[in-house]
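Protein chains in written order, with the numbering used here: chain A, 371 to 831; chain B, 371 to 831.
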């Protein structure tokens, strides 16, 4: 019976001193005259296993020639390892080569730079670092699904293709089936988009929020979890043109209720990942971000701070720091401010009630008519992790904002109607999944937490 | 404390005869002179609850004016219902109107056609049918994640944006940030795509398989679950331009192993949905597809049949039917054939070893050099539900196929290299999520199982 290493490590008593068969790839191979040691990794667990073989095997000579990177099926007896750093080793009785690997294989048992590995995106999950990153990505995704499903949320697949330009069409990719070199023109010599598949300009979207709200008005609590796109021509550590986002939307929920959910969700995810990926977290803690484990553990046990934007600016103005950007009651806060505030409170900080002019049109305007019921969550070491708001539920007020902010009314007509048809107070937030992963792993470049990242001029693989 | 109805129905003993507060929307309102009955639905459970109020309430007159569709916060005592068809009713002590709804609200307590409701895509989840469909969609998605995560698979977010045209670029949407009415031209007066964001033509993809294989060669077992796109200009009940797909890929897995996984996964999903959505399934069984429940239950307890394409054609040729399409050893099988075969065996049927010329270039060619190790799963009442294959793991054979089938070698270079670097025998399949939902719900039009469907000339909302 072929077993996953993960299954064996989770149930050691069932397999110790038994004969087992496993399949995986050679990470390292140390040869001595009468004995050899192969580090085999099967991908189901961060930990590989050491294979021990000796001269008694009839194909000893052949085995000694096995290359790093090769795929094997191996059978042997699982025994306690003498080495402290591993639980078991496998005393080999049979090895079968399933796929060879040449000696110029790019992934060798030595330190490769992350830049080099980015060039080998299709091979890098075979390294410790990216094995850990992408397993955490998978486990964190599951944590998110579990949290919401356990709390009666409905997972909604909001559309990626949209014709609404409600968030600014210049930030969205246009999609078409037309031939660029043979575009149909209308009577004004403009491109005739009525000839395109959807009969008008279509985009791939940067948010599912509007559609999410429609479903929240039926299911009370919904979440989305899917890819989103931005055309931003920006080469920074935190920007990618394709990334994944989680956008919950909750009916009968005000800003305080929203913060409760954000806090509970984040703690759930962090706890889940600590529980399910202890070896990965140890690895990050040792080699990527010293103190990561302590950072994550203390988050679970903390109570997040809640302050208003005004209070935040007060604190920043009183700070002894020399700011590059002067704190201002009417402005956004800068990265340096975020950093100061999270270090000041030493816990995650919710900042609420932002100046309305710097926030989105659909957010609920507070009674002061100057601020909106928005909330950003600032997390120590990661900056803004989530952004959300109570939504404007009053049809007339929403219409006023749409006019003030020059939104194309027609494309969001149905969205506004939600306020007429049993619309109630409701709130929602968005969390960039990669930003969460950067926080969870300590890996600071978004290119290193996305399997095949897309950034300007970079769409290989 | 405000409660979800789902929580109350799951723990009836905790709430019976207690005072509770719930929030939701009015589905129906029946008024009598001294008493009134409101059907309230809070979206967390398929079942709503009947609110009972009488003249003793000081705002009785006001309450009697409440419109269908309005949002309410209600407090009352939860008592056993006298009516057989519901567990509880709520004897109201307080009602607060959270959001009014005009009398011309499109969703009234009567039968609406599905065509009409498609026009009201943003409101239709408030009906019984679409409430059931989209909750099953959410629960089935969770079943899929659970199945794979429980079995040590890694969830991989393969990229949506791609520059590889390996599956035929004419089937993919082109994406761009260029202005159609002001396109940059190169020296040959062709559109200069080097000026576009990625420096070349980019598409949104129809599959994550190739990228999935790269990750399977590191994690052994992976799955994808995300949106996919096709430009197909086709208005049928089963085509949409945007849909979701699940694509598992498994290293050290042959065609038989793949069928084992497909069978186990499908049974897991069906059982999960039957367990978690009994009321939704009852509803479909009664109003959408008579016999649905029996169909699903019998699937769980069946053993799927496995036959070769040749055996399938033999059976079809011997059948008494007059075929529109003559069964042919070198051809695909038609819908009428699928139907016959699943009725013939009365269980899901795996058909293996297809003529290589009608299948994809990356499938493993069998020793006969005529067929490939491909498998389609045909399910009674739904036709083809999954399609998969063992992949060609031999580099030279794959190269030969690439030449034979005129694939652009350069764009799949890295994919082919996977065969050189410890490539082992491996297999994978794809399942269209909407096809699964059509099977699970009995709803036969793909437009009715996607929240906001995109089809040719139809991209509203």
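Note that beta-carbon positions come from the ideal geometry of N, C-alpha and C, so glycine has one too.
Note that the coordinates shown come from a computational prediction; the quantities given were computed from them, not determined experimentally.
For the pair of segments examined, the region 589 to 608 of chain A was found not to touch the region 759 to 777 of chain A: the number of CB pairs separated by less than 8 Å stays below three. Here residue 469(B) has 440 and 441 as same chain residues with Cβ atoms under 7 Å from its own Cβ, once five neighbours each way along the sequence are excluded. Secondary structure of residue 526(A) (DSSP, three-state): coil. In this structure, the beta-carbon distance from residue 650(A) to residue 506(A) falls below 8 Å.
With 16 or more neighbouring CB atoms inside 10 Å of its own CB, residue 392(B) falls in the buried class. Beta-bridge annotation (DSSP): residue 550(B) is not paired with any residue. In this structure residue 617(B) is not in contact with residue 575(B), their Cβ atoms being roughly 11 Å apart against a cut-off of 8 Å.
Put simply, the backbone Cα of residue 455(B) is about 15 Å away from that of residue 415(B). Within chain B, the residues placing a beta-carbon under 8 Å from that of residue 439(A) are 791 and 792, ordered along the chain. Contact between residue 721(A) and residue 677(A) holds: their C-beta atoms lie close to 6 Å from each other, under 8 Å. A Cβ-Cβ separation of about 7 Å places residue 611(B) in contact with residue 567(A) under the 8 Å criterion. The residues 601, in chain order, have a CB closer than 8 Å to that of residue 540(B) in the same chain once the five nearest residues on each side in sequence are set aside.
The beta carbon of residue 377(B) sits closer than 8 Å to some beta carbon of chain A. Chain order gives the chain A residues near residue 588(B) as 413, 495, 496 and 501, where near means a beta carbon separation below 7 Å.
For residue 440(A), the secondary structure class from DSSP, reduced to helix, strand or coil, is coil. Going by DSSP, residue 469(B) is part of the beta strand (DSSP E) stretching over 458 to 469.
Within the region 658 to 719 of chain A, the complete alpha helix (DSSP H) segments of 4 residues or longer fall at 662 to 670, 679 to 688 and 705 to 715, listed in chain order. Residues of the same chain with a CB within less than 6 Å of the CB of residue 622(A), apart from the 5 flanking positions on each side, are 794 in chain order. Residue 648(B) sits in a helix when the DSSP states are folded into three classes.
Pairwise C-beta distances place the region 513 to 532 of chain A in contact with the region 511 to 526 of chain B, as three or more of them are shorter than 8 Å.
Closest in C-alpha terms to residue 738(A), from the list 548(A), 680(A), 707(A) and 785(A), comes 680(A).
Taking all protein chains in view, the Cβ of residue 500(A) is crowded by 16 or more other Cβ atoms within 10 Å, so the residue is classified as buried. In terms of beta-carbon proximity, residue 650(B) stays away from the interface with chain A, with every pair separated by 8 Å or more.
Closest in C-alpha terms to residue 724(A), from the list 716(A), 699(A) and 713(A), comes 699(A).
Per the Cβ contact rule, the region 705 to 712 of chain A is in contact with the region 737 to 756 of chain A (3 or more Cβ pairs under 8 Å). Exclusion of the five residues before and after residue 531(B) leaves 545, 572 and 574 as the residues of its chain whose Cβ lies within less than 7 Å of its Cβ.
In this structure residue 589(B) touches residue 524(B) by the C-beta definition: roughly 4 Å separates them, less than 8 Å. Excluding its 5 nearest sequence neighbours in each direction, residue 401(B) has C-beta neighbours in its own chain below 6 Å: 434, listed in chain order.
For residue 606(A), the closest C-alpha among the options 382(A), 372(A), 818(A) and 831(A) is that of 818(A). A Cβ-Cβ separation of about 7 Å places residue 796(B) in contact with residue 583(B) under the 8 Å criterion.
Between the alpha carbons of residue 629(A) and residue 745(A) lies a distance of about 8 Å. For the region 596 to 610 of chain A, the beta-carbon criterion of a distance under 7 Å to any beta-carbon of chain B is satisfied by 596, 597, 601 and 603.
Between the alpha carbons of residue 418(B) and residue 375(B) lies a distance of about 8 Å.
At a Cβ-Cβ threshold of 8 Å, residue 410(B) and residue 444(B) count as neighbours. With the rule of 3 Cβ pairs closer than 8 Å, the region 650 to 660 of chain B does not count as touching the region 685 to 696 of chain B.
By the 16-neighbour rule on beta-carbons within 10 angstroms, residue 824(A) is buried.
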